[in-house]
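Chains as they are written, first to last, in this note's numbering: chain A, 19 to 153; chain B, 311 to 494.
Beta carbons are placed, not taken as given, at the ideal position from N, Cα and C, and that holds for glycine.
As the structure is a prediction and not an experimental result, all values here were calculated from the model.
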Amino acid sequence: MGSTLDIQIRVAKGVLIFNSIIAGIGFFIFNEWVPFITGLLFGGIIAILNFRLLSLTLEKAVVMAPESAQKYATSRYFVRFLLYGVVIFISIKANHINVLGTILGLVSLKLVILKTELFNDFQFFKNIFKRKEGK
Amino acid sequence: MENTNFIIQFLEWLMSFDRAAVILAATAIGTGLAMIAGIGPGIGQGFAAGKGAEAVSYNPKTSKQVTTVMLLGAAVAETSGILSLVIALIMLYGNPMVNLSGGAIVIAASAIGAGLSMIAGIGPGIGQGYAAGKSTEMTGKRPKHQSSIVRTMFLGQAVAQTTGIYAMIIALVLMFANPLINLL
Numbered sequence: 019m020g021s022t023l024d025i026q027i028r029v030a031k032g033v034l035i036f037n038s039i040i041a042g043i044g045f046f047i048f049n050e051w052v053p054f055i056t057g058l059l060f061g062g063i064i065a066i067l068n069f070r071l072l073s074l075t076l077e078k079a080v081v082m083a084p085e086s087a088q089k090y091a092t093s094r095y096f097v098r099f100l101l102y103g104v105v106i107f108i109s110i111k112a113n114h115i116n117v118l119g120t121i122l123g124l125v126s127l128k129l130v131i132l133k134t135e136l137f138n139d140f141q142f143f144k145n146i147f148k149r150k151e152g153k
Numbered sequence: 311m312e313n314t315n316f317i318i319q320f321l322e323w324l325m326s327f328d329r330a331a332v333i334l335a336a337t338a339i340g341t342g343l344a345m346i347a348g349i350g351p352g353i354g355q356g357f358a359a360g361k362g363a364e365a366v367s368y369n370p371k372t373s374k375q376v377t378t379v380m381l382l383g384a385a386v387a388e389t390s391g392i393l394s395l396v397i398a399l400i401m402l403y404g405n406p407m408v409n410l411s412g413g414a415i416v417i418a419a420s421a422i423g424a425g426l427s428m429i430a431g432i433g434p435g436i437g438q439g440y441a442a443g444k445s446t447e448m449t450g451k452r453p454k455h456q457s458s459i460v461r462t463m464f465l466g467q468a469v470a471q472t473t474g475i476y477a478m479i480i481a482l483v484l485m486f487a488n489p490l491i492n493l494l
């Protein structure tokens, strides 16, 4: 258990940094910046907690038989899906939380993963577009 | 002479209701349709988990690497589900269409159309999960190549996500900046 703890911490740090930058931008863009930052914080924290939940699910699923791992992962996905639904519902209903901030906070985790794991090596993209006819 | 065209009869019957009621009923259908996209990530993540279990059973030493790749891939595969939820909940609790002026039938159809367009989210959900599953499988076989496998997986997933984002843009345009109403 906890074999992916290092990556969870790295992603959580990334989300906090990313959300701090967005909060800074939101401070200047929005007249009512407090609900926006509250939403961003709310969404960010839920995204991190759901990522932790996903990691616990998958750490359990990898030691199961493939068929039961499929069923287990799918059933747990719908639990997290429900959680996301509740969070967005609360943000829409509560006046002191900006729903745009919450959605940004929820999606920020995916953006951080793409940033840290995909756009961290420009050589990879250079190799894609390198022409090989001359060699 | 009595009109025997079923479609005309149906539309006439539909227009006998209050304008707001027709739009709200269409919104309810649209909301339900949008939520169908939630199936995609479920299937995709299930596939990834199955492949992960397979990979670990073949080569238990790679368990940590396999779980890491699967975790990252599955987290990105969830995005379409969140986007469909956002559209469905906006339609339910922040419905911008009820107060629109213009043809009620066009607005009602747009509400259904916005929900229908979000069904496209199934594609990225399943596709991204499939990419995560295959990457997990290959990490189990060739753990030394983990970083390049992960990068290739994310490149594929990022491209696969675009159709889901297009669907959301169309849904948002139909809800907030509907160009069809001005054509009447």
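Ignore the nearest five residues each way along the sequence and tell me which others in residue i's own chain have a CB closer than 8 Å to its CB.
i: B:K451; result: A365, Y368, N369
i: A:G44; result: W51, F54, I55, L58, G119
What separation, rounded to the nearest whole angstrom, lies between the Cα atoms of residue i and residue j?
i: B:S427; j: B:M407; result: 16 Å
i: A:V12; j: A:L124; result: The shown model of chain A, from 19 to 153, leaves out residue 12 of chain A, and the question about it has no answer.
i: A:I108; j: A:K150; result: 54 Å
i: B:A330; j: B:A414; result: 8 Å
i: B:I475; j: B:L395; result: 13 Å
i: B:Q467; j: B:V386; result: 8 Å
i: A:I39; j: B:W323; result: 54 Å
i: B:Q375; j: A:V80; result: 11 Å
i: B:G425; j: B:G391; result: 13 Å
i: A:A112; j: B:D328; result: 30 Å
i: B:V332; j: A:P84; result: 47 Å
i: B:T462; j: B:A430; result: 23 Å
i: B:M485; j: B:M448; result: 43 Å
i: A:L76; j: A:L100; result: 18 Å
i: A:Y102; j: B:I459; result: 29 Å
i: B:T314; j: B:T337; result: 29 Å
i: B:V416; j: B:A398; result: 19 Å
i: A:F140; j: B:G362; result: 28 Å
i: A:N37; j: B:L494; result: 43 Å
Under 8 Å between C-beta atoms, does residue i make it to chain B?
i: A:S73; result: yes
i: A:E77; result: yes
i: A:K148; result: no
i: A:K144; result: no
i: A:G62; result: no
i: A:L67; result: no
i: A:L59; result: no
i: A:K31; result: no
i: A:Q141; result: no
Using a cut-off of 7 Å between C-beta atoms, extract the partners of residue i located in chain B.
i: A:I35; result: Per Cβ cutoff of 7 Å: no residues; A:I35 is ~17 Å from chain B at best.
i: A:I131; result: L382, A385, V386
By the criterion of Cβ-Cβ separation under 8 Å, what are the contact partners of residue i in chain A?
i: B:G352; result: T92, Y95, F96, F99
Using a C-beta to C-beta distance shorter than 7 Å, which residues of chain A count as neighbours of residue i?
i: B:V396; result: I106, I121
i: B:T341; result: Within 7 Å Cβ-Cβ: nothing; B:T341 doesn't reach chain A, min ~12 Å.
Would you please verify whether the beta carbon of residue i is less than 8 Å from any beta carbon of chain A?
i: B:V469; result: no
i: B:R497; result: With chain B covering only 311 through 494, there is no way to say anything about residue 497 of chain B.
i: B:E447; result: no
i: B:V416; result: no
i: B:G348; result: yes
Going along chain B, which residues have a C-beta under 8 Å from residue i?
i: A:P53; result: Residues of chain B passing the Cβ test: none, with the nearest at roughly 14 Å.
i: A:K111; result: Y403
i: A:T56; result: Under the 8 Å cutoff, chain B gives no residues; its nearest Cβ is about 18 Å from A:T56.
Can you name, in chain order, every residue of its own chain whose Cβ lies under 7 Å from the Cβ of residue i, other than the five neighbours on each side?
i: A:S73; result: T22, Q26
i: B:Y440; result: G354, F357
i: B:G340; result: M401, A421, I422, A424, G425
Does at least one heavy atom of the ligand PLP sit under 7 Å from the Cβ of residue i?
i: B:T462; result: Of ligands this structure carries none, so the ligand PLP is not represented either.
Ranges of the alpha helix (DSSP H) found wholly within the stretch 386-454 of chain B, counting only runs of at least 4
389-403, 414-427, 432-451
In chain order, each alpha helix (DSSP H) run of at least 4 residues that lies wholly inside the stretch 45-117 of chain A:
51-79, 84-111
Ordered list of beta strand (DSSP E) runs contained in the stretch 317-341 of chain B, each at least 3 residues:
none
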